[in-house]
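Using the numbering used here, you'd call the opening residue of the sequence shown number 4 and step up by one each time.
Some notes on the structure that comes next.
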Amino acid sequence: MKSLIRFATFIVLTIVAVSTSCAQEPSVGDVPKRDGGSLQVVHVDQDQAIRSIATLLHDGAVNAEDQLKQLGFGNEIQRMREIDGARLQMDFSAFSMIESLYRRALVSSKDDANRFLAKLYQQQKGSFASIQSDSSFDDIRGFNANGVVNFGSVEAARSIAVPENVRDGINKLAEIYAGGHVGAIRPLLLSTMGKEGFDNAKIDQILLDSESTSQALTRLIDAGTPPPTPEDAVRVLLQETIKDNSSLVEDRQIREVIDRLSSELPDHLNRFREAEKRGDLHSVVQQESEIKKLGTVASNDQRADGLSPNHQRYVRYNALAFQPRHTTGPLSSIKRVPRTYQTAIRSSKTARGISVGGSVSGPKNVKPLGVYWFPNEQDSRFGRLYLKFDDAKVATTRVLFADSFFAATKVLSRQENLECELRLDEALILMSMDPFADWTARRELDAYERLFREKGIGEKYEQYEKLSGHLKRLRSGQVEMALATPKSAAERSALNDRRNDWIRAFLQLQGQFDDLQHPLHDEHKDLGLLWRNYSNAIEEGRRGVVLHPAIEGTQLAWSAIRVDFSFGDIRALLRESNLISPDKHDISLDSGIKSPTWQFFELHSTIVVQDEGDQTRSIQVRSNGDLIGDAKLENPDRSHFGVTMFNVDEMGETHRNNEEEKAIQPLLNLLAESHPDFMRLNDFSEALSILRWLERERVQVTVIGSQPASRLLPTPDIITVNGPSVSAGDTK
Numbered sequence: 004m005k006s007l008i009r010f011a012t013f014i015v016l017t018i019v020a021v022s023t024s025c026a027q028e029p030s031v032g033d034v035p036k037r038d039g040g041s042l043q044v045v046h047v048d049q050d051q052a053i054r055s056i057a058t059l060l061h062d063g064a065v066n067a068e069d070q071l072k073q074l075g076f077g078n079e080i081q082r083m084r085e086i087d088g089a090r091l092q093m094d095f096s097a098f099s100m101i102e103s104l105y106r107r108a109l110v111s112s113k114d115d116a117n118r119f120l121a122k123l124y125q126q127q128k129g130s131f132a133s134i135q136s137d138s139s140f141d142d143i144r145g146f147n148a149n150g151v152v153n154f155g156s157v158e159a160a161r162s163i164a165v166p167e168n169v170r171d172g173i174n175k176l177a178e179i180y181a182g183g184h185v186g187a188i189r190p191l192l193l194s195t196m197g198k199e200g201f202d203n204a205k206i207d208q209i210l211l212d213s214e215s216t217s218q219a220l221t222r223l224i225d226a227g228t229p230p231p232t233p234e235d236a237v238r239v240l241l242q243e244t245i246k247d248n249s250s251l252v253e254d255r256q257i258r259e260v261i262d263r264l265s266s267e268l269p270d271h272l273n274r275f276r277e278a279e280k281r282g283d284l285h286s287v288v289q290q291e292s293e294i295k296k297l298g299t300v301a302s303n304d305q306r307a308d309g310l311s312p313n314h315q316r317y318v319r320y321n322a323l324a325f326q327p328r329h330t331t332g333p334l335s336s337i338k339r340v341p342r343t344y345q346t347a348i349r350s351s352k353t354a355r356g357i358s359v360g361g362s363v364s365g366p367k368n369v370k371p372l373g374v375y376w377f378p379n380e381q382d383s384r385f386g387r388l389y390l391k392f393d394d395a396k397v398a399t400t401r402v403l404f405a406d407s408f409f410a411a412t413k414v415l416s417r418q419e420n421l422e423c424e425l426r427l428d429e430a431l432i433l434m435s436m437d438p439f440a441d442w443t444a445r446r447e448l449d450a451y452e453r454l455f456r457e458k459g460i461g462e463k464y465e466q467y468e469k470l471s472g473h474l475k476r477l478r479s480g481q482v483e484m485a486l487a488t489p490k491s492a493a494e495r496s497a498l499n500d501r502r503n504d505w506i507r508a509f510l511q512l513q514g515q516f517d518d519l520q521h522p523l524h525d526e527h528k529d530l531g532l533l534w535r536n537y538s539n540a541i542e543e544g545r546r547g548v549v550l551h552p553a554i555e556g557t558q559l560a561w562s563a564i565r566v567d568f569s570f571g572d573i574r575a576l577l578r579e580s581n582l583i584s585p586d587k588h589d590i591s592l593d594s595g596i597k598s599p600t601w602q603f604f605e606l607h608s609t610i611v612v613q614d615e616g617d618q619t620r621s622i623q624v625r626s627n628g629d630l631i632g633d634a635k636l637e638n639p640d641r642s643h644f645g646v647t648m649f650n651v652d653e654m655g656e657t658h659r660n661n662e663e664e665k666a667i668q669p670l671l672n673l674l675a676e677s678h679p680d681f682m683r684l685n686d687f688s689e690a691l692s693i694l695r696w697l698e699r700e701r702v703q704v705t706v707i708g709s710q711p712a713s714r715l716l717p718t719p720d721i722i723t724v725n726g727p728s729v730s731a732g733d734t735k
C-alpha cells in the first residue's frame, strides 16, 4: 500500500486616542437574524482520528474472530487472551490475530503453519476470485487443509520471523476476514513511518506493552516519527483506512473521487511552493525571522476573561465604529457608521481594511447530503470540499488554501461576542486599521513617563500629567468630529468652527507642553532621548490594526494585512504574481495608486454547480459586478473582491474616486489568480460563501485532519507603514 505524505501603502487620516469607557456600552436585546442556522462541523482531529482507526481495526478483528471460531480456532484465541502481553495481539486487528496464530503454528511445525493458512484460504477462495491466482498463496494452494493444527507456546512464537511472502498473504486474508472493516494497518505503518529502527520487531514490542488499540496506535506513531510529522502520519493512516470503509465516508463513489483528486495540485500552486522554497515569496519562516528581530510580539494567549488581546481590541473597535445592534443606557455622542453592508463598505471612517458579508445565493435544484474536507496528499496546506448530492453525483471545489477554509468555518462558529458574528446584510470586518488605538508607540511613552516619575521632579510631572490629560480630552473630541456626519450646510459650518477651535486649543496646549519639556530635556538627556524615541515611533507611521478572531494566529492574518498594506506597491505585487502565473498579462497604472486610502470588500456571489461527467460535478462561487458598477470582472469564479478608493479634500472630507476604482479592478482580478496573499484571501471568501450556503441547507461538514499549522503564528497588532513591509509589536 502506497505511502501518502503527499498531505500597506495606507495613510491614516486621523491618529487619535479615546477613553476606554466608550467601549463599555452594553449590547443586549434583539439583534438581526443570523445568516443561517448553525454550521455543523465535525473535526476529525488527531485524537479522534486515532480513535476512529482503532474502532475500524477492532471491528475488523471482531469479524475475523467470528469466522475463525467457525473454523475451530476459538479456544486458541481465548487462550492467548488469558496470557499476559498477548491479549492485544488478538484484539488489535484481524492481521495481528491471524499472524499470531500462524506464528504459534510455525513453532509446532511448518506443516501446521501451512495447514492453518490453507484452512483460511480454502474457506474464502470460492468467494474471492482475486486470491485464486495470487502468488502469495502458491505454497498453500494445493496443501491439504484437513487435519488438526497444532500450536506452540506464545513465548516461543514471539521470536519467530514471518517470511515476507507469507506476511503479504496474511495481510490479504486479514482484509477478507475483516468483513469490510479494516483488516490490517501494519503494512501502512511500515510504509508511512520513516524513523530509523521502526520495523516489525518494534511494532510487535509495542503491541505487547500496550493495553488498548488506541494506546498502541499512539505509541506506534510516536515511535515511528519523525519523519513524517505525527500530524501527517495520522492524516495518512486515517485517509488510507477510510478509503475502503464506510463508517466515515458513506459511499465508495465519493471515496474514489477523493482518492483520485486528493493527490492533484494545480500548476500555479506547484509554482507557489517552488517560489516559496527559493525564498522569493513571503513565508512563515520569513515572518518568524522578522518577528525575532523585533524582540517581543503580541501574544495569542487568552486573558482571564477568556479573550485574547486581539479579540478584545476587535470587540472594542466594532463597538466604537458601528452603530450598536441594540443598546441600553446613555449613548455616546460619537456618530457611528451603520452596519448595513453597502453602507459600511463605502465608509472611510471605520471599515478601512477588508470587509466580508456580500450576499450569497445557492442552487435550487440540488440538495447536498454529505460534505467532506480532505487535505491534499502532497501538501496538507491545501485541500478540497467534496459534496455528495441526492442524485448520487459528487461535486468538488477547486483546490483551496486550507487555512482559508478553516478560518471560514470559525467565522461561522458563532463567537460568544456579538461583534464577531457574521449576520445577514451586515458587514463583518476581517481586518482593519484601528483609529481608536490608544496604545500606538505605548512602550516608548510608558518608558518616558516612568523615567519622568523616577527623576523626582514631582511638580513638573504634575504639570505634565495635567497638560497630557487636557490633550487626551481634546483628542477624544477629535474622534467625535472625525466621525460626525453633517446633514446640512449649517451643520457643516458649525463643525468647521469646532475644528478651528480645536486647532487653536491644541496649538496653545502644545506650546505649553513644549515650554515644559524643552528645558527638562536639555537638563535630563536620558529623558529627552526617550521622548525622541516616542516621537520617532509616531513619525515612522506605526498604526494599530485589528483582526477578526477567526484569523488570529494564522497565515491568513498576515496575508490580509499584506493585501491592504502592500496595495500601493504595484511593482512588487506584479513581480511576485509573475512567479506563480507567468502567463498572465502584465498590468500597469500610469502613476500608481493616487487615492490615499481604500477599503476592500467582498462581492455578492452565487453558488453554481455544473456537471463535468456522468458522476461528477464542479462547485463554483461566481461573483457578480453589482457592487463595482461598470468595472470589468473578467474572472468571476476566482475574483471575489472589489475596492472603494477615497480621496481627501482640503477640509479633510473624504470622497470616492470612482474612476480609480474602475481602473484598479483589473489588477484585483489578476492578483486573485496569481498572488499568494490575494489568492488566500479569495479562497477564504469562496469557502465562506459555500459554507454559508451549506449552513442554510443544514448540512454537516466532516473535516478530515486538523488545521495544518502545528502552532499559532504571532498576531500582528502594530503595523509600520514604510512600503509593503509588515512588522509586529506588543501592546504592553
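A virtual CB, placed ideally from N, CA and C, is assigned to each residue, including glycine.
Cut-off 6 Å between Cβ atoms - residues of its own chain near residue i, not counting five sequence neighbours on either side
i, result
"Leu716", "Gly556"
"Pro233", "Ile224"
"Trp601", "Val646 and Met648"
"Val611", "Gln623 and Arg625"
"Asn627", "His607"
"Arg306", "With a pLDDT of only 47 at Arg306, under the threshold of 50, the placement of this residue in the model should not be trusted; the figure read from the coordinates follows. So the list is empty, once near-sequence residues are dropped."
Cβ-Cβ separation, residue j to residue i (assumed contact under 8 Å), whole Å
i, j, result
"Ser621", "Ala405", "In fact, because the Cβ distance is near 19 Å, the residues do not count as touching under 8 Å."
"Leu192", "Glu243", "The pair is not a contact, with the Cβ atoms about 10 Å apart (cut-off 8 Å)."
"Arg625", "Ala675", "Going by Cβ atoms, the distance from Arg625 to Ala675 rounds to 13 Å, so no, they are not a contact pair."
"Leu211", "Ile101", "Incorrect: roughly 17 Å between the Cβ atoms, too far for contact."
"Lys391", "Leu372", "5 Å"
"Asp283", "Leu582", "6 Å"
Residues near residue i in its chain [Cβ-Cβ closer than 7 Å; skip 5 each side]
i, result
"Lys635", "Gln668 and Pro669"
"His527", "Lys458"
"Pro489", "Arg495 and Leu498"
"Glu79", "Leu104 and Phe154"
"Asp500", "none"
Beta-bridge pairing of residue i - partner residues as DSSP gives them
i, result
"His607", "None, per the DSSP bridge assignment."
"Asp62", "DSSP, once it has assigned bridges, lists no residue as partnering Asp62."
"Ser626", "Ser608"
"Tyr320", "In the DSSP output, where bridge partners are listed per residue, Tyr320 has none listed."
"Ser2", "This structure does not reach residue 2, given that the chain is present from 4 up to 735, and the question cannot be answered."
"Pro371", "Phe392"
"Pro378", "Gly386"
"Arg620", "Ala398 and Asp614"
"Phe404", "Phe385"
"Ser358", "Ile432 and Phe604"
"Ile325", "Here the sequence assigns Phe to residue 325, which means Ile is not the residue at that position. Phe325 pairs with Val340."
"Asp346", "Just to set this straight, residue 346 is Thr in the shown sequence, not Asp. DSSP, once it has assigned bridges, lists no residue as partnering Thr346."
"Val44", "Val704"
"Ile631", "None; Ile631 has no bridge partner."
"Ile721", "Gly547"
Any C-beta of chain B under 7 Å from that of residue i
i, result
"Glu234", "As a matter of chain content, chain B is missing from the structure shown, which is built from one protein chain."
Contact set for residue i: own chain, Cβ-Cβ below 8 Å, skip 5 residues either direction
i, result
"Lys198", "Ala226, Gly227, Thr228, Pro229 and Pro230"
"Thr343", "Asp428, Glu429 and Ala430"
"Asp202", "Leu193"
| said: Measuring CB atoms only, is the segment 626-636 touching the segment 596-607, in the sense that at least three cross pairs come out at less than 8 Å? | reply: The segment 626-636 vs the segment 596-607: in contact.
Notebook entry, point to check: Taking the runs of the beta strand (DSSP E) that are 3 residues or longer, which of them lie wholly in the segment 639-666?
Noted result: Qualifying beta strand (DSSP E) stretches, in chain order: 644-651 and 657-659.
Ranges of the alpha helix (DSSP H) found wholly within the segment 419-469, counting only runs of at least 4:
Counting only runs of 4 or more, we get 445-457.
### Message
For the segment 89-104 against the segment 193-213, do three or more pairs of beta-carbon atoms, one drawn from each stretch, fall closer than 8 Å, so that the two count as touching?
### Response
Short answer: they touch.
**Q.** Those runs of the alpha helix (DSSP H) which lie wholly inside the segment 162-239 and span at least 4 residues
**A.** The alpha helix (DSSP H) runs lying completely inside the segment 162-239 and spanning 4 residues or more are 167-180, 189-195, 203-212 and 216-227, given in chain order.
Could you name each continuous alpha helix (DSSP H) segment of 4 residues or more that falls completely within the segment 507-556, going from the start of the chain to the end? Taking 4 residues as the shortest admissible run, the segment 507-556 contains the following complete alpha helix (DSSP H) segments, listed from N- to C-terminal end: 528-542.
Take every Cβ of the segment 217-232, pair it with every Cβ of the segment 51-65, and state whether three or more of those distances are shorter than 8 Å. The answer is yes - the segment 51-65 touches the segment 217-232, with three or more Cβ pairs under 8 Å.
- alpha helix (DSSP H) runs wholly inside the segment 555-583, at least 4 long, in chain order: Runs of the alpha helix (DSSP H) inside the segment 555-583: 558-568 and 573-583.
- Do the segment 405-416 and the segment 686-706 make contact, defined as three or more Cβ pairs closer than 8 Å? The segment 405-416 is in contact with the segment 686-706.
With a cut-off of 8 Å, do at least 3 Cβ pairs link the segment 140-152 to the segment 114-132? As far as the Cβ criterion goes, the segment 140-152 touches the segment 114-132, which means the pair count is three or higher.
* Is the segment 266-286 touching the segment 505-513, taking contact as three or more C-beta pairs under 8 Å? -> The count of Cβ pairs closer than 8 Å, one atom from the segment 266-286 and one from the segment 505-513, stays below three, leaving the stretches out of contact.
Open item on the list: Below 8 Å, how does it come out for the segment 700-709 and the segment 655-662: are there three or more Cβ pairs, yes or no?
Closed with: When Cβ pairs closer than 8 Å are counted between the two stretches, the segment 700-709 is seen not to touch the segment 655-662, the count staying below three.
Runs of alpha helix (DSSP H) lying entirely within the segment 62-133, each at least 4 residues, in chain order: You should have 77-84, 90-94, 97-111 and 113-127.
Touch check for the segment 376-384 and the segment 570-589: three-plus C-beta pairs under 8 Å?
Output reads no: the segment 570-589 does not touch the segment 376-384.
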